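A.B. asks: I'd like to ask some things about the structure below.
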Amino acid sequence: FERVPVPEPVGAGLLLQPPALSVLGQIGASASALTTGARITRLDSRSQRGRTLIDLDYRRLGPTLFGLGISRPAIWSALLTAAETAGVRAAAGAEVTRVANQSDSVLIETRETGAHTADLAIVAAGTHMSIAIDGIRRQAKPYPWGCLWTQVSLPEDWPGDVLQQRCAGTR
Numbered sequence: 443f444e445r446v447p448v449p450e451p452v453g454a455g456l457l458l459q460p461p462a463l464s465v466l467g468q469i470g471a472s473a474s475a476l477t478t479g480a481r482i483t484r485l486d487s488r489s490q491r492g493r494t495l496i497d498l499d500y501r502r503l504g505p506t507l508f509g510l511g512i513s514r515p516a517i518w519s520a521l522l523t524a525a526e527t528a529g530v531r532a533a534a535g536a537e538v539t540r541v542a543n544q545s546d547s548v549l550i551e552t553r554e555t556g557a558h559t560a561d562l563a564i565v566a567a568g569t570h571m572s573i574a575i576d577g578i579r580r581q582a583k584p585y586p587w588g589c590l591w592t593q594v595s596l597p598e599d600w601p602g603d604v605l606q607q608r609c610a611g612t613r
């Protein structure tokens, strides 16, 4: 069930970590994602003064490990194709209002179509969700700051497999 009438990817890109890549492989979505993403062997994140915040060299963790920089449209397409191939039917324009565990299934209630049962419910409502799960209503407070992202052309000798981030605080 998807709340928006026409589901589509929103936002910029993201960095998938090795466990996420393993899950993509298990659900049959890794081939598509790997052909459209950029293999990242190291994450180098620093403050605006050059202080190291994160220095993650995936090769130190395992010779075959890497991150994958991927756009939201690419990961959306990979996941949607894998879901449809597995027989998943998506219902757009249906807002989930309640999820409750039952003895051998999950009860999902939507504002538009009523109650449904399923073997599995994955709640991906984001940080601003207001869904009651097992009778508990959870509402996250939005962060009081945002992010500014940019992409720039790099010199030819720049390492293409290193994601370099420069952070100017959290405000």
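For what it's worth, the numbering used here labels the leading residue of the sequence shown as 443, then goes sequentially. We treat Cβ as the ideally placed atom computed from N, Cα and C, and that holds for glycine. If you're wondering where the values come from, they're calculated on a predicted model, not measured in any experiment.
For Q497, tell me which candidate among T506, L605, A532 has the shortest Cα-Cα distance.
C.D. replies: One-based indexing of the sequence shown puts residue 497 at position 55. Reading off the sequence shown, one finds Asp at residue 497, where the question assumed Gln. Taking only the C-alpha atoms, the option nearest D497 is L605.
A.B. asks: Mind listing, in chain order, the continuous alpha helix (DSSP H) runs of no fewer than 4 residues lying wholly within the stretch 484-556?
C.D. replies: You should have 500-503, 514-527.
A.B. asks: Helix, strand or coil for V465? Go by DSSP, reduced to three states.
C.D. replies: Looking up residue 465 in the sequence shown gives position 23. Of the three classes helix, strand and coil, the one that applies to V465 here is helix, per DSSP.
A.B. asks: Considering A480, what are the terminal residues of the alpha helix (DSSP H) in which it resides?
C.D. replies: Counting from 1 along the sequence shown, the entry for residue 480 is found at position 38. No alpha helix (DSSP H) holds A480; the beta strand (DSSP E) holding it covers 480-482.
A.B. asks: Am I right that A528 and E444 are in contact with their C-beta atoms under 8 Å? What's the rounded C-beta distance?
C.D. replies: Counted from its first residue, the sequence shown places residue 528 at position 86. Counted from its first residue, the sequence shown places residue 444 at position 2. At roughly 17 Å, the Cβ-Cβ gap does not stay under 8 Å, so A528 and E444 are not in contact.
A.B. asks: DSSP on L476, reduced to helix/strand/coil?
C.D. replies: Start at 1 with the first residue of the sequence shown, and residue 476 comes out as number 34. Of the three classes helix, strand and coil, the one that applies to L476 here is helix, per DSSP.
A.B. asks: Suppose contacts are defined by Cβ-Cβ distances below 8 Å. Is E551 in contact with A536 by that definition?
C.D. replies: Within the sequence shown, numbered from 1, the residue matching residue 551 stands at position 109. Within the sequence shown, numbered from 1, the residue matching residue 536 stands at position 94. Not in contact: E551 and A536 (Cβ atoms no closer than 8 Å).
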